[in-house]
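What follows is a short report on a single structure.
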Amino acid sequence: MLDGAVRRRLDPLLDGLGVALVKRGVKADTITIFGLGLGLLAAGLIGHGFYLAGAVMILLSRLCDGLDGAIARASRSTDFGGFLDIVLDFAFYGAIPLAFIVADPVMNGLAGAFLLFSFYVNGSTFLAYATIAEKRAMTTSVRGAKSLYFTTGLAEATETIIVFLAFCLFPGWFPLLASLFAIVCLYTAVSRIVLARLSFPEPR
Numbered sequence: 316m317l318d319g320a321v322r323r324r325l326d327p328l329l330d331g332l333g334v335a336l337v338k339r340g341v342k343a344d345t346i347t348i349f350g351l352g353l354g355l356l357a358a359g360l361i362g363h364g365f366y367l368a369g370a371v372m373i374l375l376s377r378l379c380d381g382l383d384g385a386i387a388r389a390s391r392s393t394d395f396g397g398f399l400d401i402v403l404d405f406a407f408y409g410a411i412p413l414a415f416i417v418a419d420p421v422m423n424g425l426a427g428a429f430l431l432f433s434f435y436v437n438g439s440t441f442l443a444y445a446t447i448a449e450k451r452a453m454t455t456s457v458r459g460a461k462s463l464y465f466t467t468g469l470a471e472a473t474e475t476i477i478v479f480l481a482f483c484l485f486p487g488w489f490p491l492l493a494s495l496f497a498i499v500c501l502y503t504a505v506s507r508i509v510l511a512r513l514s515f516p517e518p519r
């Protein structure tokens, strides 16, 4: 929901940095992989109870997630780059809730599992919609130039990062926050199913 507004503010800054990095020979895929590395480091820190340090690594990881796109726009986008970006994003999104489960399995286990379930369902609707949209030659620029069709929703990347940071700042609230956000993600999935029903009519 907030991704569009955030992108309008951040993209000009990231695009300038992307041009500078391209001139120094930095590749988008390298930043994508480095971003995942920072995300996994965040998960490791969180799993050992270093929540604030994990929050810093989350922010740096997501900075890389925005920067790889800026580098691609300043050089050359590739299908593999787009594939790698979405796969590693999903790996990051799964690693953070898992880290909180590891940090306190008794308190966080059920809520963390519920959140991962909601991510799984929401992610499947996102990717399935993108697949059918590609088959139907549909296009959109609502989230900028992307390697696949992006549908908007109540729970997008910005909301997820905000919630992850809230987990780190208030780890004792993880069960409540995770459960509430899981409901938001499932609502997003259901709304995308409804959108698919309206957008993919069968020919008469």
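For the sequence shown, the numbering used here gives the first residue as 316, with consecutive numbering after it. Beta carbons are placed, not taken as given, at the ideal position from N, Cα and C, and that holds for glycine.
(message) DSSP three-state label for Val-478, please.
(response) Translated into the one-based positions of the sequence shown, residue 478 becomes position 163. Note: Val-478 maps to helix in three-state DSSP.
(request) Quick one: measure Cβ to Cβ for Arg-377 and Ile-476, integer angstroms, because I've assumed they're closer than 8 Å. (result) If you number the sequence shown from 1, residue 377 lands on position 62. If you number the sequence shown from 1, residue 476 lands on position 161. 5 Å between Cβ atoms; contact.
(request) Find out if the Cβ-Cβ distance for the pair Thr-347, Leu-430 is shorter than 8 Å. (result) Numbered from its first residue, the sequence shown carries residue 347 at position 32. Numbered from its first residue, the sequence shown carries residue 430 at position 115. Cβ atoms of Thr-347 and Leu-430: not closer than 8 Å.
(request) Along the alpha helix (DSSP H) that carries Glu-471, what are the first and last residues, could you check? (result) Mapped onto the sequence shown, residue 471 falls at position 156. Element bounds for Glu-471: n/a, residue is neither H nor E.
(message) Can you find the residues in the same chain that come closer than 7 Å, C-beta to C-beta, to Asp-383, ignoring five residues on each side of it along the sequence?
(response) Start at 1 with the first residue of the sequence shown, and residue 383 comes out as number 68. The residues are Ala-343, Ile-346, Thr-347, Gly-350, Asp-400.
(request) Going by CA-CA distance only, name the one from Gly-424, Pro-516, Ala-418 that's closest to Pro-490. (result) If you number the sequence shown from 1, residue 490 lands on position 175. Comparing Cα positions, the closest option is Gly-424.
(message) By the three-class DSSP mapping on this structure, what secondary structure does Phe-429 have?
(response) Position 114 of the sequence shown, counting from 1, holds the residue named residue 429. Three-state DSSP puts Phe-429 in a helix.
(request) Report, in whole angstroms, the separation of the C-beta atoms of Phe-496 and Ile-447, which I expect to be a contact under 8 Å. (result) The residue given as residue 496 occupies position 181 in the sequence shown. The residue given as residue 447 occupies position 132 in the sequence shown. Rounded, the Cβ-Cβ distance is 27 Å, inconsistent with contact.
(message) Using a Cβ-Cβ cutoff of less than 8 Å, which residues in the same chain neighbour Arg-451 once the five nearest sequence positions on both sides are dropped?
(response) Taking the sequence shown and counting its residues from 1, one reaches residue 451 at position 136. Closer than 8 Å at the Cβ level, and outside the excluded window around Arg-451, lie Phe-515.
(request) Report yes if the CB atom of Cys-500 is closer than 8 Å to the CB atom of Ala-470, and no otherwise. (result) Walking along the sequence shown from the start, residue 500 turns up at place 185. Walking along the sequence shown from the start, residue 470 turns up at place 155. Yes, they are a contact pair.
(message) Measuring straight from C-alpha to C-alpha, what distance separates Ala-493 and Gly-427?
(response) Taking the first residue of the sequence shown as position 1, residue 493 is located at position 178. Taking the first residue of the sequence shown as position 1, residue 427 is located at position 112. Those two C-alpha atoms are separated by around 6 Å.
(request) Tell me whether Ala-410 is buried or exposed, calling it buried when 16 or more other Cβ atoms sit within 10 Å of its Cβ. (result) Mapped onto the sequence shown, residue 410 falls at position 95. By the neighbour-count rule (16 or more Cβ atoms within 10 Å), Ala-410 is buried.
(message) Helix, strand or coil, according to DSSP, for Glu-517 in the structure here?
(response) Locating residue 517 in the sequence shown gives position 202, counting from the first residue. Residue state, collapsed to three classes: coil.
(message) Tell me the rounded alpha-carbon separation between Arg-512 and Ser-506.
(response) Counted from its first residue, the sequence shown places residue 512 at position 197. Counted from its first residue, the sequence shown places residue 506 at position 191. When rounded, the distance between both Cα atoms is 10 Å.
(request) Count the other C-beta atoms from every protein chain shown that fall within 10 angstroms of the C-beta of Phe-434, then say buried if there are 16 or more, exposed otherwise. (result) Taking the sequence shown and counting its residues from 1, one reaches residue 434 at position 119. Result: buried.
(message) Considering only their Cβ atoms, is the gap separating Leu-480 from Ala-370 smaller than 8 Å?
(response) Here the question's residue 370 lines up with position 55 in the sequence shown. Here the question's residue 480 lines up with position 165 in the sequence shown. Yes, these two residues count as a Cβ contact at 8 Å.
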